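Asker: Here it is, the structure in full.
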Amino acid sequence: YGLIIKSGEALEKMGKVDTIAFDKTGTLTYGRLNVSDIISFDKSIDEKKLLSMAASAEAKSEHPLGRAIVSYANEKGIPLIESTSFKMITGKGISAEINDCLIICGNEKFLNDNKVLIDNKAQSILEKLRTQGKASILVAQNQKCIGVVALSDVLRPEVKKMVTQLLNMNTHTVLLTGDHLRTADYFAKQAEISDVHAELLPEDKVLNIEKLQKKGHQVCMIGDGINDAPALKTADVSVAMGNVGSDIAVDAADIVLMSGNISKIIYLKRLSIATVNT
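Here is the structure:
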């Protein structure tokens with residue numbers, strides 16, 4: 041059935057789970073991020089130059105958004121410049137030096153932490169992109185925000201039915217994501233998940249799972265990325281998306297979904313309940 045269950049204990053615990061927490065990108069969505077918009081806030085920098093700067097800075101990144109930007113630049117034949125002093129802050133963004141210029145790519149919080157001002161025009165563009173369910177990477181050069189690269193993703197078609205089936209099995213669903221609340225709400229609405237926690241760092245996902253556990257819930261975490269590994273380890277039982285997931289997430293999880301079909305969670309839950317009953 042495309043499932044690897046690493047222990048009898050994991051199978052037994054899955055039958056007792058009453059809350060399932062989902063990551064978004066690569067779990068509820070396909071994780072095939074495509075660059076949809078390149079918007080420059082500086083008249084002297086065109087879209088091509090903005091993409092080149094962002095992709096050059098992100099070239100050493102392991103984050104799905106960074107990899108998608110680099111892949112898009114390669115497809116368009118945009119030459120990448122070798123960066124120096126590369127730093128990656130998990131869940132926030134990256135910084136790198138390109139031609140003696142400091143380039144920062146990441147979310148609003150990351151730019152604010154680095155004392156980069158985001159004006160009202162940029163804010164309104166970001167809000168518009170979020171209401172369309174797009175993820176945004178802001179690009180700053182030498183402490184000035186010069187543009188944004190937006191990426192779109194698609195919800196897996198089986199998600200909505202799976203959430204309804206879990207509800208019928210008395211299993212509560214929660215969305216835990218690092219995305220902005222507007223973007224998270226866009227996908228949660230489509231999936232009919234009402235409990236949404238957004239703008240989370242990896243340690244915030246862990247805290248949310250611990251809160252649920254303190255309330256007496258048996259929690260299953262489903263994720264695919266490096267950012268999800270701590271949350272996978274904290275949950276009572278964890279599931280990794282093996283087809284798109286990182287090696288570290290697959291290693292951290294108790295159960296691995298080898299196909300991208302997340303509706304197999306229903307089969308897994310029924311199998312676990314039947315096993316415990318037997």
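One gets the working numbering by counting positions in the sequence shown from 1 and adding 40 to each.
Idealized CB from N, CA, C, for every residue including glycine.
All values reported here derive from a predicted model rather than from experimental measurement.
List the residues that DSSP assigns as beta-bridge partners of Gln275.
Answerer: Going by the sequence as given, residue 275 is Ala instead of Gln. None, per the DSSP bridge assignment.
Asker: What is the DSSP secondary structure of Thr69, reduced to helix, strand or coil?
Answerer: Thr69: strand per DSSP, three-state reduction.
Asker: At a cut of 8 angstroms, does the stretch 102 to 122 reach the stretch 41 to 48 through at least three beta carbon pairs?
Answerer: With the cut-off at 8 angstroms, the stretch 102 to 122 and the stretch 41 to 48 do not touch.
Asker: Among residues of its own chain, excluding the 5 on either side of Ile143, which ones have a beta-carbon nearer than 8 angstroms to its beta-carbon?
Answerer: Closer than 8 angstroms at Cβ, skipping near neighbours: Met93, Ala94, Ser96, Ala97, Ser123, Ser135, Ala136, Glu137, Val179, Ala180 and Gln181.
Asker: Does DSSP put Val393 in a helix, in a strand, or in coil?
Answerer: Residue 393 lies beyond the range of the chain shown here (41 to 318); nothing can be said about it.
Asker: So Glu137 is in the beta strand (DSSP E); what residue range does that whole segment cover?
Answerer: Here the beta strand (DSSP E) through Glu137 covers Gly133 to Ile138.
Asker: Given this structure, state the Cα-to-Cα distance separating Leu51 from Asp86, to the nearest angstrom.
Answerer: Cα-Cα distance, rounded: 54 angstroms.
Asker: Could you check the C-alpha separation between Gly106 and Ala99 for me, to the nearest Å?
Answerer: C-alpha separation (whole angstroms): 7 angstroms.
Asker: Could you give the first and the last residue of the continuous beta strand (DSSP E) run that contains Asn74?
Answerer: Where Asn74 is concerned, the enclosing beta strand (DSSP E) stretches over Asn74 to Ser80.
Asker: Should Ser164 be labelled buried (16 or more other beta-carbon atoms within 10 Å of its own) or exposed?
Answerer: By the 10 Å Cβ count, Ser164 comes out exposed.
Asker: Identify, in the order they occur along the chain, each residue of the same chain with its Cβ nearer than 8 angstroms to the Cβ of Leu252, setting aside the five sequence neighbours on each side.
Answerer: Closer than 8 angstroms at Cβ, skipping near neighbours: Thr59, Ala61, Val214 and Val259.
Asker: Give me the residue from Cys185, Ser176, Cys141 and Gln172 with the minimum Cα distance to Val156.
Answerer: Taking only the C-alpha atoms, the option nearest Val156 is Cys185.
Asker: Going along the chain, which residues of its own chain have a beta-carbon closer than 6 angstroms to the beta-carbon of Gln230, five neighbours each way excluded?
Answerer: The residues are Leu195.
Asker: Let me know the secondary structure DSSP gives Gly265 once reduced to three states.
Answerer: Gly265 falls in the coil class under three-state DSSP.
Asker: Counting along the chain, where does the alpha helix (DSSP H) carrying Ile165 start and finish?
Answerer: Run containing Ile165: Asn160 to Thr171, per the alpha helix (DSSP H) assignment.
Asker: Here's the rule I'm using: 16 or more other beta-carbon atoms within 10 Å means buried, otherwise exposed. How should Met209 be labelled?
Answerer: That one is exposed.
Asker: Over the uninterrupted beta strand (DSSP E) stretch that includes Val189, give me the two end residues.
Answerer: Run containing Val189: Lys184 to Ser192, per the beta strand (DSSP E) assignment.
Asker: DSSP on Ala99, reduced to helix/strand/coil?
Answerer: Coil at Ala99, not helix or strand.
Asker: For the structure I just gave you, are there three or more beta carbon pairs, one from the stretch 106 to 118 and one from the stretch 68 to 76, closer than 8 angstroms?
Answerer: These segments touch.
Asker: What is the rounded straight-line gap between the Cα of Gly173 and the Cα of Asn152?
Answerer: About 22 angstroms.
Asker: In the DSSP assignment, what are the bridge partners of Leu142?
Answerer: Answer is Glu137, bridged to Leu142.
Asker: Does the distance from the C-beta atom of Ile302 to that of Thr67 stay below 8 angstroms?
Answerer: Yes.
Asker: Give the straight-line distance between the Cα atoms of Ser312 and Asn139, rounded to the nearest whole angstrom.
Answerer: Each residue's alpha carbon lies about 56 angstroms from the other.
Asker: Kindly indicate which three-state DSSP category Leu241 falls into: helix, strand or coil?
Answerer: In the structure shown, Leu241 sits in coil (DSSP, three-state: anything other than H, G, I, E or B).
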